[in-house]
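Going down the list, the sequences are from chains G and Z. The opening residue of the first sequence carries number 1 in the numbering used here; numbering runs sequentially from there. The opening residue of the second sequence carries number 295 in the numbering used here; numbering runs sequentially from there. Where a beta carbon is used, it is the ideal one built from N, C-alpha and C, also for glycine. The structure appears right after this line, and notes come after that.
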Amino acid sequence: MVSRIFGRHPIGVVLTAPYVVFIGVVFAFPLGFAVWMSVHDYYFTAPGVTVPHPFVGIDNFKTALTDPAVLASFVHVGVFLLINVPLTVVLSLVLAVALNRAIRFRTFFRAAYYVPYVTASVAVAAVWLFLFRSDGLVNQVLGPLAPDPSWLVSSTWAMPIIALFVTWKQLGFFILLYLAALQNVPKELYESASVDGAGAWRSFRSVTVPGVRPATALVLLLAIITGANLFTEPYLLTGGGGPDGASTTPVLLMYQLGIQQGKPDIASAIGVVLVIMVLVIALATRRLNESRSS
Amino acid sequence: MKTSSRNRTRGLAATLLAAALVVTACGSDSGGGGSEAAAARGPITIWYSNNAQEVAWGKQVVDAWNKAHPDEQVTAQEIPAGKSSEEVIGAAITAGTEPCLIYNTAPAAVPGFQKQGGLVNLNSFADGASYIEERSGDTAQQYKSPDGNYYQLPWKSNPVMVFYNKKMMTEAGVDAEKPPLATYQEFLDTAKKLVDSKAAQYAIYPAPSSEFYQSWFDFYPLFAAATGGKQLVADGKSQFAGPEGFAVADFWKQMYTDKLSGNETYTGDSFADGKSAMAIVGPWAIAAYKDKVDWGVVPVPTADGMPADQIHTFSDAKNVGMYVSCTKQATAWDFMKFSTSKEQDGQLLTLSGQMPLRTDLPAAYPEYFKANPQYTLFAEQAARTVEVPNVPNSVEIWQTFRDAWTSSVIFGKADVQQSLTDAAAKVDGLAGQS
Numbered sequence: 001m002v003s004r005i006f007g008r009h010p011i012g013v014v015l016t017a018p019y020v021v022f023i024g025v026v027f028a029f030p031l032g033f034a035v036w037m038s039v040h041d042y043y044f045t046a047p048g049v050t051v052p053h054p055f056v057g058i059d060n061f062k063t064a065l066t067d068p069a070v071l072a073s074f075v076h077v078g079v080f081l082l083i084n085v086p087l088t089v090v091l092s093l094v095l096a097v098a099l100n101r102a103i104r105f106r107t108f109f110r111a112a113y114y115v116p117y118v119t120a121s122v123a124v125a126a127v128w129l130f131l132f133r134s135d136g137l138v139n140q141v142l143g144p145l146a147p148d149p150s151w152l153v154s155s156t157w158a159m160p161i162i163a164l165f166v167t168w169k170q171l172g173f174f175i176l177l178y179l180a181a182l183q184n185v186p187k188e189l190y191e192s193a194s195v196d197g198a199g200a201w202r203s204f205r206s207v208t209v210p211g212v213r214p215a216t217a218l219v220l221l222l223a224i225i226t227g228a229n230l231f232t233e234p235y236l237l238t239g240g241g242g243p244d245g246a247s248t249t250p251v252l253l254m255y256q257l258g259i260q261q262g263k264p265d266i267a268s269a270i271g272v273v274l275v276i277m278v279l280v281i282a283l284a285t286r287r288l289n290e291s292r293s294s
Numbered sequence: 295m296k297t298s299s300r301n302r303t304r305g306l307a308a309t310l311l312a313a314a315l316v317v318t319a320c321g322s323d324s325g326g327g328g329s330e331a332a333a334a335r336g337p338i339t340i341w342y343s344n345n346a347q348e349v350a351w352g353k354q355v356v357d358a359w360n361k362a363h364p365d366e367q368v369t370a371q372e373i374p375a376g377k378s379s380e381e382v383i384g385a386a387i388t389a390g391t392e393p394c395l396i397y398n399t400a401p402a403a404v405p406g407f408q409k410q411g412g413l414v415n416l417n418s419f420a421d422g423a424s425y426i427e428e429r430s431g432d433t434a435q436q437y438k439s440p441d442g443n444y445y446q447l448p449w450k451s452n453p454v455m456v457f458y459n460k461k462m463m464t465e466a467g468v469d470a471e472k473p474p475l476a477t478y479q480e481f482l483d484t485a486k487k488l489v490d491s492k493a494a495q496y497a498i499y500p501a502p503s504s505e506f507y508q509s510w511f512d513f514y515p516l517f518a519a520a521t522g523g524k525q526l527v528a529d530g531k532s533q534f535a536g537p538e539g540f541a542v543a544d545f546w547k548q549m550y551t552d553k554l555s556g557n558e559t560y561t562g563d564s565f566a567d568g569k570s571a572m573a574i575v576g577p578w579a580i581a582a583y584k585d586k587v588d589w590g591v592v593p594v595p596t597a598d599g600m601p602a603d604q605i606h607t608f609s610d611a612k613n614v615g616m617y618v619s620c621t622k623q624a625t626a627w628d629f630m631k632f633s634t635s636k637e638q639d640g641q642l643l644t645l646s647g648q649m650p651l652r653t654d655l656p657a658a659y660p661e662y663f664k665a666n667p668q669y670t671l672f673a674e675q676a677a678r679t680v681e682v683p684n685v686p687n688s689v690e691i692w693q694t695f696r697d698a699w700t701s702s703v704i705f706g707k708a709d710v711q712q713s714l715t716d717a718a719a720k721v722d723g724l725a726g727q728s
């Protein structure tokens, strides 16, 4: 009976229990609560204050998805993902391969790529503001080629600049994942490829890329999830989703609605839609990655 | 093997779901409030703002109280860090962890806190309404909630005015003692001189970002002045989509179009950094810019100019709220009155330069204003301040307005009148909700 419930090794249940509880309290409960809020008329109240929270079906979803600002925010985050995810995968793989070789100052470069990842966004955002202001370093170098309006106040350029910023900031972490994966690619495969006359590019395509495919799946998944939850960067770089709302994201609007405006029910509806979209995109990406490997 | 693994996975998922539902169902039911709390006395906790001057004021008022009330000790701490005080307070109300009193309650947040059931109705104290109205006079009416009760004690204001850099004015060939800034046209001409002469990169640089409260420091002071003291919303109707509101918007749009104001986020203090020649600020700026800028101050401009003693402006007030978790509300109410007494208001004025929301300030503290004449203008201005409207959905109303403003005025992407008219229609709907 015990083994039927707890499996052949009950101690395993004991050892995993703390993490299961953690998952339950920090992820499962909030997710379940958010889904519940999204179909009820809900706002936060003081303990002991009883107010009715009637079931409203899909009304909150209707309110959210008929708001042009919400729809635009999904488009903005889509643009962000289209730029950020491929750039992240390609750059982190190429740089990891380079850093895996016996190059000079390898340790310095490894640390240098990792530093932005561990530095607070507020600090590095100030540097990017300095670079991309209308009178910033980038425009001074570009001279007459500088865009007008400038990068962060241009509806066209604001989101791509944010995507570049996030790519640069997170690159160190993804390089680290690829570096770990590269250690598992057998050296013999490179030697065989070399004997067969493969050059550096051919070895990269035929040995390295397939060899790190599981890491690529992880990088894709993490880049999509963190990208879809974009909040801090537009909050800091474009003054809360500017110019004229061109860099708002679903999470930024959830913050405005749920925390500032006391409408957590509508914010939750946006959150539920976002979770579903991320799951669909992540699943599609995984299938694509798997079909390539087979 | 595969089936048993699947069963275990299902079991785990079911356990997690059940746990989630159980935790969801188990809402906390603690908290103070009720008639017992209203009459109870004993130790209480308060929060105050974290700026150095207010901390100094807070410490001395608590020390003074504690010496005289050994059985009703007050413990004070700075408001915990967060993106904004309002978010920290909102979260604390939900969790039931807020203190008895918070000396940093923003009037715009009060409707939300009230809806949460987080604030104590001060009219429930026998002398609640009379104390507030005697201390603050007619100004107190702006802080009444739609149900006619006070859920906040009007504490202090920071009436905003236009600070200017005298050195930059001189460099631009403008009379630094009497710069022409009274009308919109004068302001635009002076701003153009400042920028064309390269005395400053921008004439004035209000934050162009999208946060709901930023309109309090560009549109709202000028709108208050233009309308002789109208609020954004009155009697459930928006007031800004009219000739005065459009004129204010057109003025600012001209400032942005001519690049006399910047539309990029600036992380520093543009006025202190010499990036702009003017700033819209409250009396706190006197101490802040004392050693950095040789400044002068004038009232905000109006379309055709107006005598200074008739100009209204935004109050930028912060008030005191009593929160429902407080189990010793009688002590909290007494401490509220003690900390807003004439003596303690004088201390606040001396230590922070901020204006207590009490009637006829210059007459109440003549010695202070004689010794600090630069504060007199602000004290006189404090008698003509306009607060944010105390209406339902206050923050959403301001965000709606801000979105229309950034789109049409700051970035010129939409027609100003159309944009403000559309925003007004939405605001009317929001203000009419309960």
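Residue i: first and last residue of the uninterrupted beta strand (DSSP E) it sits in
i	result
Ser-451 of chain Z	447-451
Gly-590 of chain Z	589-592
Thr-399 of chain Z	395-399
Ala-497 of chain Z	496-498
Tyr-458 of chain Z	455-459
Lys-612 of chain Z	612-616
Continuous alpha helix (DSSP H) stretch holding residue i: start and end
i	result
Ile-574 of chain Z	Run containing Ile-574 of chain Z: none in the alpha helix (DSSP H); it sits in the beta strand (DSSP E), 570-575.
Tyr-550 of chain Z	537-551
Gly-78 of chain G	68-100
Asn-360 of chain Z	346-362
Asp-265 of chain Z	With chain Z covering only 295 through 728, there is no way to say anything about residue 265 of chain Z.
Leu-671 of chain Z	670-675
Ala-223 of chain G	213-228
Sub-7 Å separation of residue i and residue j beta-carbons
i	j	result
Ala-611 of chain Z	Ser-451 of chain Z	yes
Leu-413 of chain Z	Tyr-445 of chain Z	yes
Ile-704 of chain Z	Tyr-550 of chain Z	yes
Ser-555 of chain Z	Tyr-496 of chain Z	yes
Ile-396 of chain Z	Trp-341 of chain Z	yes
Val-591 of chain Z	Met-455 of chain Z	yes
Ser-532 of chain Z	Asp-709 of chain Z	no
Ala-470 of chain Z	Lys-460 of chain Z	yes
In DSSP terms, what residue i is bridged to
i	result
Ile-259 of chain G	BP columns for Ile-259 of chain G are empty, so no partner.
Gln-371 of chain Z	Z:Trp-341
Ala-528 of chain Z	Z:Lys-531
Tyr-478 of chain Z	Its beta-bridge partners do not exist; DSSP assigns none.
Leu-413 of chain Z	Z:Tyr-617
Met-649 of chain Z	Z:Ser-451
Thr-607 of chain Z	Z:Thr-679
Residue i versus residue j: straight-line alpha-carbon distance, rounded
i	j	result
Ala-217 of chain G	Ile-225 of chain G	12 Å
Glu-681 of chain Z	Val-382 of chain Z	22 Å
Trp-510 of chain Z	Val-209 of chain G	55 Å
Gln-408 of chain Z	Ala-370 of chain Z	23 Å
Met-600 of chain Z	Trp-359 of chain Z	45 Å
Gly-352 of chain Z	Ile-605 of chain Z	32 Å
Lys-296 of chain Z	Thr-16 of chain G	Residue placement at Lys-296 of chain Z is flagged as unreliable, the pLDDT there being 43, under the threshold of 50; a coordinate-derived value is accordingly withheld.
Leu-274 of chain G	Pro-250 of chain G	7 Å
Tyr-617 of chain Z	Phe-109 of chain G	54 Å
Leu-137 of chain G	Asp-148 of chain G	15 Å
Ser-343 of chain Z	Glu-392 of chain Z	14 Å
Ala-333 of chain Z	Gly-411 of chain Z	19 Å
Thr-484 of chain Z	Asp-567 of chain Z	20 Å
Met-630 of chain Z	Gly-422 of chain Z	10 Å
Ile-266 of chain G	Gln-693 of chain Z	16 Å
Thr-285 of chain G	Val-689 of chain Z	39 Å
Pro-18 of chain G	Val-26 of chain G	12 Å
Ala-146 of chain G	Phe-481 of chain Z	31 Å
Thr-625 of chain Z	Gly-530 of chain Z	36 Å
* Segment contact flag, the region 358-378 of chain Z with the region 3-19 of chain G, C-beta cutoff 8 Å, min 3 pairs -> no
* With a cut-off of 8 Å, do at least 3 Cβ pairs link the region 168-188 of chain G to the region 257-265 of chain G? -> no
* Given 8 Å as the limit, is there contact between the region 114-123 of chain G and the region 222-242 of chain G, that is, 3 or more CB pairs closer than that? -> yes
* Asked: Do the region 361-368 of chain Z and the region 655-671 of chain Z meet, that is, are 3 or more Cβ pairs less than 8 Å apart?
  -> no
* Could you say if the region 709-717 of chain Z and the region 422-439 of chain Z meet the contact criterion of at least three C-beta pairs nearer than 8 Å? => no
* Segment contact, 8 Å Cβ cut-off, at least three pairs: the region 571-587 of chain Z with the region 158-171 of chain G -> no
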